[in-house]
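For reference, each letter of the sequence shown is one residue, going 14 to 339 in the UniProt record's numbering. Heads up, the beta-carbon is just placed ideally off N, CA and C, and yes, glycines get one too. Only a predicted model underlies this, so the values are computations on that prediction, with no experimental measurement involved. What follows is one structure encoded as structure tokens, with my remarks underneath.
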Amino acid sequence: SILRPEAGAGGDPESGAETLASAVRRGLTHEPKWLPCRFLYDATGSELFEQICEQPEYYPTRTEDAILRDQAGEMVAGWDEAPVMIELGSGSSTKTRRLIEAALDAYDRLHYVPVDVSETILEESARSLVDDYPALNVTGIVSDYHTALRAVRRRFPGPKLVVFLGSSLGNFDDEDAVALLRHLSEALGPEDRLLIGLDQVKDAATLEAAYDDAAGVTARFSKNILTRINRELDADFDPDRFAYQARFVPERHRVEMRLISDREQDVAIPGAGLRVRFAAGESIHVENSHKYTPGLLRDLASRSGFVEEGSWSDPDRYFRVQRWRP
Ligand code: AVJ
Numbered sequence: 014s015i016l017r018p019e020a021g022a023g024g025d026p027e028s029g030a031e032t033l034a035s036a037v038r039r040g041l042t043h044e045p046k047w048l049p050c051r052f053l054y055d056a057t058g059s060e061l062f063e064q065i066c067e068q069p070e071y072y073p074t075r076t077e078d079a080i081l082r083d084q085a086g087e088m089v090a091g092w093d094e095a096p097v098m099i100e101l102g103s104g105s106s107t108k109t110r111r112l113i114e115a116a117l118d119a120y121d122r123l124h125y126v127p128v129d130v131s132e133t134i135l136e137e138s139a140r141s142l143v144d145d146y147p148a149l150n151v152t153g154i155v156s157d158y159h160t161a162l163r164a165v166r167r168r169f170p171g172p173k174l175v176v177f178l179g180s181s182l183g184n185f186d187d188e189d190a191v192a193l194l195r196h197l198s199e200a201l202g203p204e205d206r207l208l209i210g211l212d213q214v215k216d217a218a219t220l221e222a223a224y225d226d227a228a229g230v231t232a233r234f235s236k237n238i239l240t241r242i243n244r245e246l247d248a249d250f251d252p253d254r255f256a257y258q259a260r261f262v263p264e265r266h267r268v269e270m271r272l273i274s275d276r277e278q279d280v281a282i283p284g285a286g287l288r289v290r291f292a293a294g295e296s297i298h299v300e301n302s303h304k305y306t307p308g309l310l311r312d313l314a315s316r317s318g319f320v321e322e323g324s325w326s327d328p329d330r331y332f333r334v335q336r337w338r339p
């Protein structure tokens, strides 16, 4: 079944409430120019992201999958009966199958609750999971993370294992990451756990290649935000007049992704009531992908009201999955 909880009053601007037009007005009149990365994921952007995951340079997806393949049993152990497994930003749930299978092995049955803003993705993944695992019960929640957490607390009183994989938290700035995780730690009870997967700091060349693959898929993914603004706000961006750049900034422990105007140019965005001037070399900051070390993870956990309980990595230490208790 599918739940559609109502968002709370007020709401923060990144929670899904802000329209593209308003984000474009806010971001492209700001100095330096920027756009919220969640607008990268329209149908084309989601398709391109799937292709990114298959690029040889983009190691996070396959590395996390290998960690789960080998160590999922330990990650889901420790309860007398199956905790409800809540997955934030479930996407297509492929890696989650490792955890679902481990939990079904350990507990024989499982209630899996994927949370995603896309109802289509939820429906598709719920259907194929239910077809494949007769002992699995699936309830999808269509909402942003904050709204979902409130709904989960009301509806599922028993022990919970919240799963937040794929380095999805990597898109959040430090303060926003702590705010989300703090909200989560406050929503969880003493029997509940968080399983979080985050990409790790490594040499700049490996990181920059992962975010600027030779086939140009990540560049197309980033430029798709301009195409989307053209389509939805009737703008006249020429994506070919922007170069794509990915830079690792060690002080900020993140890869920063930008589109850089290759000349001085004006862009009309009627749907946002805006004309925007770009100087030659001026950039739009479109995404950050934060990278962690074991020390940064410990800080993140403690600032968010969590304590580390388990930690699993790959032989190269490229990626890490941790289990935290509130
Ligand atoms: C979906 C946030 C995990 O940061 O690795 C990949 C997004 N952007 N390539 C990441 C992304 C460009 C991805 N996350």
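Could you name the residues of the same chain whose beta carbon sits closer than 7 Å to that of ASN237, not counting the 5 residues immediately before and after it, in chain order? LEU53, THR57, GLY58 and LEU61
Can you have a look at VAL175 and say buried or exposed, based on whether 16 or more other CB atoms are within 10 angstroms of its CB? buried
Could you name the residues of the same chain whose beta carbon sits closer than 7 Å to that of ILE80, not counting the 5 residues immediately before and after it, in chain order? TRP325, SER326, ASP327, PHE332 and VAL334
Exposure of GLY210, with buried meaning 16 or more beta-carbon neighbours within 10 Å: buried
Which residues DSSP lists as bridging LYS46, in chain order: ILE297
Between the C-alpha atoms of GLY183 and SER302, what's the straight-line distance to the nearest angstrom? 5 Å
Taking 8 Å as the threshold, find out whether the segment 245-257 comes into contact with the segment 96-110 through three or more Cβ pairs. no
Look at the alpha carbon of ALA36 and the alpha carbon of ARG51, and state the distance between them as a whole number of angstroms. 11 Å
Based on DSSP bridge pairs, tell me the residues matched to ASP212. PHE332
Please classify ASP157 as buried or exposed, where buried requires at least 16 neighbouring CB atoms within 10 angstroms. buried
If you run the structure through DSSP and keep just helix, strand and coil, what is VAL37? helix
May I ask which residues mark the beginning and end of the alpha helix (DSSP H) holding LEU313? 307-316
Please name the residue, chosen from THR219, GLU300, THR133 and PRO147, that lies closest to LEU117 on a Cα-to-Cα basis. PRO147
Can you find the residues in the same chain that come closer than 7 Å, C-beta to C-beta, to ASP121, ignoring five residues on each side of it along the sequence? ALA148
Could you give the C-beta distance for LEU16 and ILE154, rounded to a whole number, given that I count them as a contact under 8 Å? 5 Å
Excluding the 5 residues flanking ASN150 on each side, which residues of the same chain have their C-beta closer than 6 Å to its C-beta? HIS124
Would you give the residue range spanned by the alpha helix (DSSP H) that ASN243 belongs to? 230-246
Taking its Cβ as the centre, do 16 or more other Cβ atoms sit within 10 Å of GLY179, making it buried, or is it exposed? buried
Assign ASP315 to buried or exposed, taking buried as 16 or more other Cβ atoms, counted over all protein chains shown, within 10 Å of its Cβ. Residue identity check: residue 315 is Ser in the sequence provided, not Asp. Flag for SER315 reads exposed.
Across which residues does DSSP place PHE261 in a beta bridge pair? VAL268
Any heavy atom of the ligand AVJ within a distance shorter than 7 Å of the CB on ASN184? yes
Rounded to whole angstroms, how far is the Cβ of PHE191 from the Cβ of HIS266, which I believe are closer than 8 Å? What sits at residue 191 in the sequence shown is Val, not Phe. So it is not a contact: roughly 14 Å between Cβ atoms.
So ALA78 is in the alpha helix (DSSP H); what residue range does that whole segment cover? First, the residue type needs correcting, since residue 78 is Asp and not Ala in the sequence shown. 73-88 is the extent of the alpha helix (DSSP H) around ASP78.
Let me check you understand the geometry: is the CB of PRO147 closer than 7 Å to at least one non-hydrogen atom of the ligand AVJ? no
Here's the rule: buried if 16 or more other CB atoms are within 10 angstroms of the residue's CB, otherwise exposed. What is ARG336? buried
Buried or exposed for GLU94, going by 16 or more other Cβ atoms inside 10 Å? exposed
CB of ASP225 to nearest heavy atom of the ligand AVJ: below 7 Å? no
Taking 8 Å as the cut-off, decide whether the C-beta atoms of GLY284 and LEU239 are in contact. no
What whole-angstrom Cβ distance do LEU201 and PRO339 have, given they're in contact under 8 Å? 4 Å
Going by the C-beta, is GLY179 closer than 7 Å to any heavy atom of the ligand FMN? The ligand FMN is not among the ligands present in this structure, which contains only the ligand AVJ.
Using only the heavy atoms of the ligand AVJ, determine whether one of them is closer than 7 Å to the beta carbon of SER302. yes
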